[in-house]
Amino acid sequence: MTTPFYVSPQQAMADRAEYARKGIARGRSVVVLQYADGIVFVAENPSRALHKVSEIYDRIAFAAVGKYNEFENLRIGGVRYADLRGYTYDREDVTARGLANVYAQTLGTIFSSAAEKPYEVELIVAEVGEGPEDDQIYRLPHDGSIVDEHGSVAVGGNADQISSYLDQRHRDGMTLAEALKLAVDSLSRDNNGGERSLTAEQLEVAVLDRTRPQKRKFKRVLGGQLSRLLEPGEGGSDAEASAESSEGSSSESED
0 MTTPFYVSPQ
10 QAMADRAEYA
20 RKGIARGRSV
30 VVLQYADGIV
40 FVAENPSRAL
50 HKVSEIYDRI
60 AFAAVGKYNE
70 FENLRIGGVR
80 YADLRGYTYD
90 REDVTARGLA
100 NVYAQTLGTI
110 FSSAAEKPYE
120 VELIVAEVGE
130 GPEDDQIYRL
140 PHDGSIVDEH
150 GSVAVGGNAD
160 QISSYLDQRH
170 RDGMTLAEAL
180 KLAVDSLSRD
190 NNGGERSLTA
200 EQLEVAVLDR
210 TRPQKRKFKR
220 VLGGQLSRLL
230 EPGEGGSDAE
240 ASAESSEGSS
250 SESED
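The sequence shown begins at 0 in the numbering used here and counts up by one.
1) Jot down the residue ranges of each uninterrupted alpha helix (DSSP H) in the stretch 65-111, minimum 4 residues, whole runs only, in chain order.
2) Would the stretch 41-50 and the stretch 132-150 be scored as touching if the rule is three or more Cβ pairs under 8 Å?
3) Please return the same chain residues whose Cβ sits closer than 6 Å to the Cβ of ALA205, not counting the five positions on each side in sequence.
4) Please report the straight-line C-alpha distance between ALA11 and TYR5, rounded to a whole angstrom.
5) Are there 16 or more other CB atoms within 10 angstroms of the CB of VAL146, so buried, or fewer, so exposed?
6) By Cβ distance below 6 Å, which residues in the same chain neighbour PHE70 in space, the five residues on each side in sequence not counted?
7) Is it buried or exposed for GLY172, if we count other Cβ within 10 angstroms and need 16 for buried?
8) Rounded to a whole number of angstroms, what is the C-alpha to C-alpha distance between GLN33 and LEU221?
9) State buried or exposed for ALA113, treating a residue as buried only when at least 16 other CB atoms are found within 10 Å of its CB.
10) Helix, strand or coil: which one does DSSP assign to GLU17?
11) Taking Cβ positions, are ASP89 and TYR56 nearer each other than 9 Å?
12) Can you tell me whether LEU165 is helix, strand or coil according to DSSP?
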């Protein structure tokens, strides 16, 4: 009779964590920044069909890096949770904190289960408030822990380097144009300290805009609007006005 191969629980969890981290690091980064009128999401993503940033509910959006099929399942589950809770109780009862708790339970259960591999995903759930002090941003790593973030956060790729760059340069009260340019500058930096050029066609950009009169604050920034925002010397107020589009009013829950 052969002796079963033994791996300590600590080593098994460490191996699972390393597996998930390597998978996440292979993905292109996503940056989330607070600005004066809301929260902006910027992802390096040349695809126009496979979104990394999506709407979940009225004031809540979702961003993710890692395996698309895995975080897309989580996104769909989040939309169903939000719709059911809003219909059963009240729309105000759907919060980013509640959604983050649901995601944390799901990711934590999968990570600790020996029956399946851990999800290779890292999530950001954000909710725009009535004022900047009411904004909420939560980062959820692969193991289901929840990190309450403020100001700026980056996930995927060389997230540590990007986060350090953002921490040094992000400030309260930035215009949308300023925040977007800072996000693109951070994404343009490679691991060796060099820089590369990112065009509007290589970016996926969306905002939660607290100034929108309708309940749904999510909108995408596309095409010419995004190009104008990225132009050197573009003024924040004019650029933000141009970003008001009907294109952003479509719900990502319908994708």
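From the three backbone atoms N, C-alpha and C, an ideal C-beta is built for every residue, glycine too. This one's a predicted model, so the numbers in the text were calculated from it and none came from an experiment.
So, from the data block:
1) The alpha helix (DSSP H) runs lying completely inside the stretch 65-111 and spanning 4 residues or more are 67-87 and 95-111, given in chain order.
2) no
3) PHE40, VAL52 and ARG219
4) A straight-line Cα-Cα distance of about 10 Å links ALA11 and TYR5.
5) exposed
6) Setting aside the 5 residues that flank it on each side, PHE70 is surrounded in the same chain by ALA63 and VAL120, each with a C-beta closer than 6 Å to its C-beta; the list follows chain order.
7) exposed
8) Each residue's CA atom was taken as its position, placing GLN33 and LEU221 some 19 Å apart.
9) By the neighbour-count definition (other C-beta atoms within 10 Å, threshold 16), ALA113 is an exposed residue.
10) helix
11) no
12) DSSP, reduced to helix, strand and coil, places LEU165 within a helical segment of the structure shown.
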